[in-house]
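This report refers to the structure that appears directly beneath it.
Number of protein chains: 2
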Amino acid sequence: MRDMSVAVAEEDRRREILDAAVSVVVERGYAAARVSDIARRAGTSTGTVHYYFPTKVDVLDAALQHASERSHQRHRAELVTLTEPREQLLRLIDLQLPDADVADEWAIWLEFWNEARRRDELRERNHEIYTRWVSMIESIVRNGQRQGQFRQDVDPADFALRFAGLFDGLGIQVLLQPSLENRWRLRAALREVVERELLA
Amino acid sequence: MRDMSVAVAEEDRRREILDAAVSVVVERGYAAARVSDIARRAGTSTGTVHYYFPTKVDVLDAALQHASERSHQRHRAELVTLTEPREQLLRLIDLQLPDADVADEWAIWLEFWNEARRRDELRERNHEIYTRWVSMIESIVRNGQRQGQFRQDVDPADFALRFAGLFDGLGIQVLLQPSLENRWRLRAALREVVERELLA
DNA sequence: CGGTCGTTTGACGCGTCAGTCAATCACCCA
DNA sequence: TGGGTGATTGACTGACGCGTCAAACGACCG
Chain A
1 MRDMSVAVAE EDRRREILDA AVSVVVERGY AAARVSDIAR RAGTSTGTVH YYFPTKVDVL
61 DAALQHASER SHQRHRAELV TLTEPREQLL RLIDLQLPDA DVADEWAIWL EFWNEARRRD
121 ELRERNHEIY TRWVSMIESI VRNGQRQGQF RQDVDPADFA LRFAGLFDGL GIQVLLQPSL
181 ENRWRLRAAL REVVERELLA
Chain B
201 MRDMSVAVAE EDRRREILDA AVSVVVERGY AAARVSDIAR RAGTSTGTVH YYFPTKVDVL
261 DAALQHASER SHQRHRAELV TLTEPREQLL RLIDLQLPDA DVADEWAIWL EFWNEARRRD
321 ELRERNHEIY TRWVSMIESI VRNGQRQGQF RQDVDPADFA LRFAGLFDGL GIQVLLQPSL
381 ENRWRLRAAL REVVERELLA
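Rendered as structure tokens:
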């Protein structure tokens, strides 16, 4: 019982530190993030941060993982509330437009990619995460085809890859120039792809 | 005459330093680049680097600009050798696939975007550069339409934006997983967009 | 040849920051 | 109550790297 309650507190503290780390990475970037920033934002001390994570790299990598997990769960949670594949895809678009909190998520992706370029473990991690994201889209498309709502002559894996790619590429520019106009264009471009390629 | 020759030497030295800086950024990343790395790779001393560029940020920013300029010139030089808009677009694809040297260029873009996220001047710079890249595509499309080779019912600006976005998004993943398979998929996806959307 | 100016050098000073550690705290249990 | 355990603190140390600067270099000129 004691062990349980301590374990829970431990997990909470860990999560607090990771949340803090994520927001520091968003603000200062992966490479410029300081342990003291993370500690301050988590309302604790550098000693405690090191108590939970041996080195700074450990905190930051865990933070990236943490953020990507949260993002994935958010997507899943929203998708199960919808039954129509078409609605699911459109919702996915709106869920991931670089607005407010989601812009922070995009920032994390950029940092992630950048860091992954130089480190094998992160490259692998990115590959898993990206594959999961593409698979999510792919399975929606497959569902749509099975239900006869989407065209049958489209390769789901191929479509999913292109959809994700288009999303990322335009998303980066929207992140950097987040005007209403640009956000709207991103949304319109993605919806148009869905309409044009999946619906007869 | 003396001034002239000195000025030329000065420019050479500057360029050497910038080339060195680019390769250090590719290797270690913008944030982790050290003045001493740049000096060593340029075959000179840290003092000299600071003689030409007051601060490290000045070198790095100039290096980003330098790399983007070189990339743009490379595109222009290749395009003028072709007359058919269709050929120009297809060449552009092959010119920019993340292979060998070009992978370094992609790395620079990632670093650039990442850094731009936090700094207004770089955001503006990125906007100019990106606009120039999209405009290049757009004007090829316009040419193709004028010559009757491309469909008339496509908005060139819109197409160019989507084409560039798709290129970037998929390009990042190819950069991180540079398998033959992935490179081929990127190329095929882009060529297909050209075929499907621009050619009747 | 001696002086001037632009260039180059690298040792040094100074600030910064990750990670350590001894001390303290808080909680529980015997 | 007293002792044990896990959690927390922040001062400290050692490493590191930017930017400075005094000294040297070398090309040219009067």
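One line per chain: the protein sequences are A and B, in this order. Using this note's numbering, the letters of the first sequence correspond one by one to residues 1 to 200. Using this note's numbering, the letters of the second sequence correspond one by one to residues 201 to 400. No residue lacks a Cβ here, since even glycine has one placed at the ideal position from N, Cα and C. This structure is a prediction, so every number in the text was calculated from the model and none was measured.
Does chain B have any CB closer than 8 Å to the CB of residue i?
{"i": "A/Leu176", "result": "yes"}
{"i": "A/Phe167", "result": "yes"}
{"i": "A/Trp132", "result": "With the sequence shown as reference, residue 132 of chain A is identified as Arg, and Trp is not the correct amino acid for it. Not an interface residue."}
{"i": "A/Glu181", "result": "no"}
{"i": "A/Leu110", "result": "yes"}
{"i": "A/Ala32", "result": "yes"}
{"i": "A/Ala164", "result": "yes"}
{"i": "A/Gly29", "result": "yes"}
When we look at the beta-carbon of residue i and count the other beta-carbons within 10 Å, is it buried (16 or more) or exposed?
{"i": "B/Trp309", "result": "buried"}
{"i": "A/Asp12", "result": "exposed"}
{"i": "B/Trp401", "result": "Since the first and last residues shown for chain B are 201 and 400, residue 401 of chain B lies out of range."}
{"i": "A/Ala200", "result": "exposed"}
{"i": "A/Glu10", "result": "exposed"}
{"i": "B/Ser271", "result": "buried"}
{"i": "B/Ser268", "result": "buried"}
{"i": "B/Tyr251", "result": "exposed"}
{"i": "A/Asp101", "result": "exposed"}
{"i": "A/Ala39", "result": "buried"}
{"i": "A/Arg76", "result": "exposed"}
{"i": "A/Ala188", "result": "exposed"}
{"i": "A/Gly43", "result": "exposed"}
{"i": "B/Asp368", "result": "buried"}
{"i": "B/Glu457", "result": "Absent from the structure is residue 457 of chain B, since the part of chain B shown begins at 201 and ends at 400."}
{"i": "B/Leu361", "result": "buried"}
{"i": "B/Ser379", "result": "exposed"}
{"i": "A/Arg80", "result": "With the sequence shown as reference, residue 80 of chain A is identified as Val, and Arg is not the correct amino acid for it. That one is exposed."}
Assuming residue i and residue j form a contact by the criterion Cβ under 8 Å, report the distance between their Cβ atoms to the nearest whole angstrom.
{"i": "A/Ala33", "j": "A/Leu64", "result": "About 11 Å separates the two Cβ atoms, so there is no contact after all."}
{"i": "B/Ala316", "j": "B/Leu375", "result": "18 Å between Cβ atoms; not a contact."}
{"i": "A/Val194", "j": "A/Leu89", "result": "5 Å"}
{"i": "B/Leu398", "j": "B/Arg325", "result": "Incorrect: roughly 30 Å between the Cβ atoms, too far for contact."}
Interface residues of chain A around residue i at Cβ under 8 Å?
{"i": "B/Asn343", "result": "What B/Asn343 touches in chain A: nothing, since even the nearest Cβ is about 23 Å away."}
{"i": "B/Leu361", "result": "Leu170, Arg185, Ala189"}
Identify the contact partners of residue i in chain B, using a Cβ-Cβ distance below 9 Å as the criterion.
{"i": "A/Glu10", "result": "Chain B residues near A/Glu10: none, gap ~32 Å exceeds 9 Å."}
{"i": "A/His127", "result": "Gln373, Leu376, Gln377"}
Verify the CB distance criterion: does residue i have a CB-CB separation below 8 Å to chain A?
{"i": "B/Leu399", "result": "no"}
{"i": "B/Arg323", "result": "yes"}
Given that residue i touches chain A, what residues does it touch there, using C-beta distances under 7 Å?
{"i": "B/Arg317", "result": "Ala107, Leu110, Leu175, Leu176"}
- Query: Which whole runs of the alpha helix (DSSP H) in the region 222-285 of chain B are 4 residues long or more, in chain order?
  - Reply: 235-241, 246-252, 256-279
- 4 or more residues per run - each alpha helix (DSSP H) lying fully within the region 284-339 of chain B: 285-296, 300-316
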